[in-house]
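Read top to bottom, the protein sequences are chains A and B. Final position of the first sequence in our numbering is 437; the numbers increase by one with none missing. Final position of the second sequence in our numbering is 1550; the numbers increase by one with none missing. First up is the structure itself, then whatever we jot down about it.
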Amino acid sequence: MSFQLTEEQKMVRLMARDFAGKELEPMAAQRDKEEIFPMDVVKKMGELGLLGMMVPDEYGGAGAGAVSYCLALQEIAYACASTAVTMSVANLSTEPLLRFGDETQKTRYLLKLAQGELLGCFALTEPGAGSDPGSLSMSAEDKRDHYLINGTKVFITHGQYADVVNLIARTGPEKGSRGLSTFIVEKGTPGFSVGSREDKLGLRASNTVELLFSDCKVPKENLVGKPGAGFKIAMIALDSGRIGIASQALGITRACLDESIRYAKGRKQFGKAISSFEAIQWMIADMATGIEAANWLILSAAWRKDQGLPFTKEASMAKLFTSELANKSAYLALQIHGGYGYLKDFKVERLYRDARATTIYEGTSEIQRLVIARNLLKEHA
Amino acid sequence: MNIVVCVKQVPDTSDPDTEVHIDGTGRGVDQSKFSFVINDADNYAVEEAILLKEKHGGEVTVVNIGGEAANQVIRMALAKGGDGAVRLDDESFVYSDVVATARLLKSAIKDLGCDLVLTGCMASDDGYGAVGIALAQMLEVPHAAYVKTVEVVDDKKLKVGRELEGGLLEMNEIEMPCLLAIQTGGNEPRYASFKGIREASKKEIKVMDLAATGLSADEVGESGSVAVMTQYSVPEVGDLAEMIEGDPAETSAKLANILKEKGLV
Ligand SMILES: Cc1cc2nc3c(=O)[nH]c(=O)nc-3n(C[C@H](O)[C@H](O)[C@H](O)COP(=O)(O)OP(=O)(O)OC[C@H]3O[C@@H](n4cnc5c(N)ncnc54)[C@H](O)[C@@H]3O)c2cc1C
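In structure tokens form, the structure reads like this:
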């Protein structure tokens, strides 16, 4: 048993903290207010390797592993949760190619995604298929030398800015999850366009759009993995994604705690700092205890991934626990701030809105429980 | 061109929550709640060293006085492009003043055969701003302080720009070997790369204790110092300063009143 991060992991965390403190924190509130997607910062992150952290060296990635990835993403989220979801989705978008892409696809796309030359997004959700992606209806008809794609994706993170899309569509007549396949589609492919941009509660400096496909021809060689393997590929990518979202949620929670302590020590009522009231102390204690628990849940899932062990259940547990914790903590942090917490002048107002998405995307809390329970029941079958 | 760059680990005072409390001895501050970072000016010195190395070749050696905790600052400098590192660490080094500190740094630098020594122009914690200059004296090399730009003229000479009041740049030629105390803002310190981090995490940091420096105990620490720091104290609230108390709504109202009364707005 060892509770020690390696020297390398500690340094990655420090580097990410340095980056977040200088490049993100100072502008985060303004970007949120004005809904500015920070393409310049995202570009810098790409060049540093922060968008391809789990891609090994030979494919141009940082080769830093899942534990380092979690530590870095937390630091980014602490400063700006919007940029953290961008980072999370960009990293997730390398996973299908890394695990299932052929060598040509890897040199053509993965290398550039990992080095930040291309930005990737991940398009699974449709208007009629959210928690149940197996029911999605976007069609990819096999036309011998290409696939013909028709349909609409919704809620696609940075879809407007992405150079390539990981697209899950239906290739076979089989019902449900079995007839799905994964494609890599380049921006600018005729028939592919960006639809409306969503006006969101939080994460307003991240970009969320519809993607429209109308008789869009995608070359045969852009099929990733085998036809019919699309669902499996998406689920494997989401396992990694969930560790990322858990880390994002933990970064938000840590920010909630720090903002709370700072405010509670400074704010005086009844002649005393409100931090001297037991009711406030309990809130702070609950947040801090949650952070400790979440940290180990996340690290344990990430460590399992780095060791090549199964981690689906652990990733879901980490995502479920931490995203719920982020919401509870944002609630408490706002409570500690009183009326001021309800104002845009204070960071907790943004944290409160940003935290909300974490129990929804990459599988709602209900879906995480389903995944956890199914895995447990299978283990005991 | 072989370069030595001296780096100091200091409390991170960019965090507004950093509270400085004098410790029980009265001669130190409670460090337990600080997070530590590289001294700001030293960060620019590291960047300058690496830029020069990238352009003109050679090696960069990072030198630090500090305990094991300082390894993180050293390793970060290695990850950005440093080649080797020395950390001077011994109980007897505590309370070293400018002179004793420079003497310690010299002991680590003198045998490295470098062409250029870079330091930050000032440390953000004690604010002496003199270690670089004292070190240059001891190494018997010329120096320039508050340096913002460095250009290589030939393999013997540098052209350096010193930042003066009002941002005025004073250009000087200086012969190598020499020492430059680097001012902030002259370059853009990079972030460590993953490759650099991986390599740096495996690099050895050479540790020098008192015996390894070849110095005697009365040349270091308090006994080796010219100036002895006796005590820290928190300034008393003077009569002339009025401390406004209350929550933000009250304090801002009071402040507005004072400004109005004095006819300042
Ligand atoms: C900011 C943001 C960014 C996003 N980015 C992306 C992206 O990049 N790519 C992408 O593909 N998608 C993305 N999404 C979509 C996201 O993954 C879906 O919103 C999510 O999977 C839920 O789907 P839904 O919204 O259709 O809700 P629904 O599936 O309609 O769920 C509605 C409610 O029913 C519950 N429910 C559903 N099924 C069950 C069940 N079997 N048992 C119990 N309860 C159930 C849900 O938990 C939820 O509470 C994003 C969403 C947001 C908000």
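All residues carry an ideal CB built from backbone N, CA and C; glycine is no exception.
Would you mind reading off the limits of the alpha helix (DSSP H) that contains residue i?
| i | result |
| --- | --- |
| Val1322/B | Note, Val1322/B: premise wrong, no alpha helix (DSSP H); beta strand (DSSP E) at Phe1321 to Ile1323. |
| Ser1377/B | First-last for Ser1377/B: undefined, no H or E at that position. |
| Gln5/A | Past the boundaries of the shown model lies residue 5/A; chain A is included only from 57 to 437, so the question cannot be answered. |
| Leu121/A | Checking the sequence, you will find Gly at residue 121/A rather than Leu. Gly121/A -> alpha helix (DSSP H) spans Gly121 to Ala135. |
| Glu1521/B | No alpha helix (DSSP H) holds Glu1521/B; DSSP gives it neither H nor E. |
| Lys1391/B | Val1383 to Ile1394 |
| Gln1422/B | Val1416 to Leu1424 |
| Ile392/A | Thr368 to His393 |
| Thr1536/B | Pro1533 to Glu1546 |
| Asp1300/B | Unbroken run through Asp1300/B: none, as it is neither H nor E. |
| Pro1474/B | Per DSSP, Pro1474/B belongs to no alpha helix (DSSP H) and is neither H nor E. |
| Lys231/A | Counting along the chain, Lys231/A falls outside any alpha helix (DSSP H), and DSSP gives it neither H nor E. |
| Pro94/A | Run containing Pro94/A: none; DSSP gives neither H nor E here. |
| Val68/A | Glu63 to Phe75 |
Tell me, please, which residues DSSP counts as bridged to residue i.
| i | result |
| --- | --- |
| His202/A | Pro275/A |
| Val250/A | Leu267/A |
| Ser237/A | Ala225/A |
| Thr1552/B | Because residue 1552/B is not part of the residues shown, which for chain B are 1286 to 1550, the question remains open. |
| Leu1454/B | Glu1448/B |
| Gly1369/B | Thr1346/B |
| Glu1460/B | Lys1442/B |
| Ala438/A | Any property of residue 438/A remains undetermined from this structure, which presents chain A solely from 57 to 437. |
| Gly207/A | Phe269/A |
| Glu197/A | Leu204/A |
| Thr213/A | Thr264/A |
| Val280/A | Thr238/A |
| Val220/A | Gly176/A and Glu242/A |
Using 8 Å for Cβ pairs, my map puts residue i next to residue j. What's the rounded Cβ distance?
| i | j | result |
| --- | --- | --- |
| Ala1330/B | Leu1390/B | Incorrect: roughly 13 Å between the Cβ atoms, too far for contact. |
| Ala1387/B | Ala1355/B | Contact doesn't hold; Cβ gap of about 18 Å is too wide. |
| Cys272/A | Ala218/A | Wrong, their Cβ atoms sit about 15 Å apart, outside the cutoff. |
| Leu167/A | Gly157/A | So it is not a contact: roughly 11 Å between Cβ atoms. |
| Cys1399/B | Val1289/B | 5 Å |
| Pro183/A | Val210/A | 5 Å |
| Leu388/A | Asp342/A | 7 Å |
| His1306/B | Val1314/B | 6 Å |
| Arg87/A | Ser138/A | 7 Å |
| Leu407/A | Ala374/A | Not a contact, Cβ separation roughly 20 Å. |
| Phe239/A | Leu279/A | 6 Å |
| Asp1532/B | Arg323/A | 7 Å |
| Met1461/B | Leu1401/B | 6 Å |
| Glu103/A | Gly172/A | 5 Å |
| Ile299/A | Thr414/A | Ile299/A to Thr414/A, Cβ: 13 Å. No contact. |
| Ser296/A | Met110/A | 7 Å |
| Asn263/A | Thr213/A | 7 Å |
Note the first and the last residue of the continuous beta strand (DSSP E) segment covering residue i.
| i | result |
| --- | --- |
| Phe402/A | From DSSP, Phe402/A is part of no beta strand (DSSP E); its letter is neither H nor E. |
| Gln1468/B | Where Gln1468/B is concerned, there is no enclosing beta strand (DSSP E), given that its DSSP letter is neither H nor E. |
| Phe178/A | Gly176 to Ala179 |
| Tyr1431/B | His1428 to Asp1439 |
| Gly441/A | In the structure as shown, chain A begins at 57 and stops at 437. Residue 441/A is therefore absent and cannot be evaluated. |
| Ile1350/B | Val1345 to Ile1350 |
| Gly327/A | Run containing Gly327/A: none; DSSP gives neither H nor E here. |
| Ala1288/B | One point to set straight first is that residue 1288/B is Ile, not Ala, in the sequence displayed. It spans Ile1288 to Cys1291 - the beta strand (DSSP E) in which Ile1288/B sits, taken as one unbroken run. |
| Pro1296/B | Gln1294 to Pro1296 |
| Leu1403/B | Leu1401 to Gly1405 |
| Ile1490/B | Ile1490 to Met1493 |
Quick one: using the 10 Å Cβ neighbour count with 16 as the cut-off for buried, is residue i buried or exposed?
| i | result |
| --- | --- |
| Ala122/A | buried |
| Asp1396/B | exposed |
| Asn1457/B | exposed |
| His1428/B | buried |
| Arg310/A | buried |
| Arg1372/B | buried |
| Asn383/A | buried |
| Gln1516/B | exposed |
| Phe446/A | Summary: the structure shown does not reach residue 446/A, with chain A confined to residues 57 through 437, and so no result is reported for it. |
| Leu1454/B | exposed |
| Lys1365/B | buried |
| Thr378/A | buried |
| Pro94/A | buried |
| Gln161/A | buried |
Got a sec: does ligand 2 put a non-hydrogen atom nearer than 7 Å to the Cβ of residue i?
| i | result |
| --- | --- |
| Phe333/A | Ligand 2 is not part of this structure, which contains only ligand 1. |
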